[in-house]
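K.L.:
Positions in the sequence shown are counted from 1; adding 8 to them yields our numbering.
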Amino acid sequence: MDNAAEDVLAGVGPRLRALRRVRGATLAALAQETGLTASTLSRLENGRLRPTLEQLLPLARAHGVPLDDLVAAPPTGDPRIHLRPVRRDGLVLVPLTRRSGGVQAYKVIHPPAGRAPTTSLRTHEGYEWFYVLDGRVRFVLGEREFHLGPGEAAEFDTRVPHWMGSADSRPAELLALFGAQGERAHLAPAGS
Numbered sequence: 009m010d011n012a013a014e015d016v017l018a019g020v021g022p023r024l025r026a027l028r029r030v031r032g033a034t035l036a037a038l039a040q041e042t043g044l045t046a047s048t049l050s051r052l053e054n055g056r057l058r059p060t061l062e063q064l065l066p067l068a069r070a071h072g073v074p075l076d077d078l079v080a081a082p083p084t085g086d087p088r089i090h091l092r093p094v095r096r097d098g099l100v101l102v103p104l105t106r107r108s109g110g111v112q113a114y115k116v117i118h119p120p121a122g123r124a125p126t127t128s129l130r131t132h133e134g135y136e137w138f139y140v141l142d143g144r145v146r147f148v149l150g151e152r153e154f155h156l157g158p159g160e161a162a163e164f165d166t167r168v169p170h171w172m173g174s175a176d177s178r179p180a181e182l183l184a185l186f187g188a189q190g191e192r193a194h195l196a197p198a199g200s
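1. Ordered along the chain, which non-local residues of its own chain (more than five positions away) have a Cβ less than 6 Å from that of Thr105?
2. Use the C-beta contact count for His71: other C-beta atoms within 10 angstroms, 16 or more gives buried, fewer gives exposed.
3. For Ser50, report the span of its alpha helix (DSSP H) as first-last.
4. Starting from the C-beta of Gly122, find all residues in its chain whose C-beta is less than 6 Å away, skip the five residues before and the five after it, and write them out in chain order.
5. Considering Cα atoms alone, identify which of Gly143, Trp137, Leu49 and Leu99 is closest to Leu149.
6. The alpha helix (DSSP H) that contains Pro158, what's its start and end?
7. Under 8 Å: do the stretch 93 to 101 and the stretch 145 to 163 share three or more Cβ pairs, one atom per stretch?
8. With a cut-off of 8 Å on the beta carbons, I'd call Ala180 and Val140 a contact; round off their distance for me.
9. Determine the direct distance from the alpha carbon of Pro74 to that of Ala184, and round the result to whole angstroms.
10. Give me the residue from Pro103, Asp76 and Leu78 with the minimum Cα distance to Ile89.
11. What is the DSSP secondary structure of Arg146, counted as helix, strand or coil?
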């Protein structure tokens with residue numbers, strides 16, 4: 009086996025351990041979830057056992073990650089973006105762009121009203137645009153308050169104090185574009 013393959017396999021164990029710890033799962037719980045023994049899982053994580061496809065498939069499924077993430081497969085020029093949700097301050101942020109800098113796109117899921125950790129207005133450099141996919145959004149911009157529903161959008165300078173969240177007992181889902189340097193969304197008028 010060549011050195012590249014050895015390097016890939018050597019990294020599987022630490023990635024498996026890190027994924028399990030992030031989930032807060034024990035070896036026993038993961039064993040029950042995957043059908044593998046706790047001993048096998050421990051040996052995989054410690055690099056004492058070379059993983060097989062039959063072992064990696066249930067582990068990828070249990071951790072909710074693509075198989076490529078377990079083996080850190082090198083990029084193949086695939087233009088698709090592999091979505092990895094980030095949970096922060098009660099929100100779920102799904103990055104839809106992979107390059108840093110420039111305009112960033114996100115799917116944002118706000119928790120139901122009353123479950124948001126804060127309703128404090130905030131400011132920061134940049135410009136933001138969002139489109140409501142589902143639910144109702146309460147949007148505060150400076151001294152004004154707006155309520156938006158599915159199909160409605162807002163655009164604003166993030167240096168103006170602002171806050172947004174779900175307006176009712178359901179989560180609110182948004183598509184958001186953010187330009188840290190003040191870039192704005194350029195949308196063509198309908199029918200052009």
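Yeah, the Cβ is synthetic: ideal placement off N, Cα and C, and Gly gets one too.
P.N.:
In brief:
1. Gln112 and Ala113
2. buried
3. Ala46 to Glu53
4. none
5. Trp137
6. No alpha helix (DSSP H) contains Pro158, which DSSP labels as neither H nor E.
7. no
8. 7 Å
9. 25 Å
10. Pro103
11. strand
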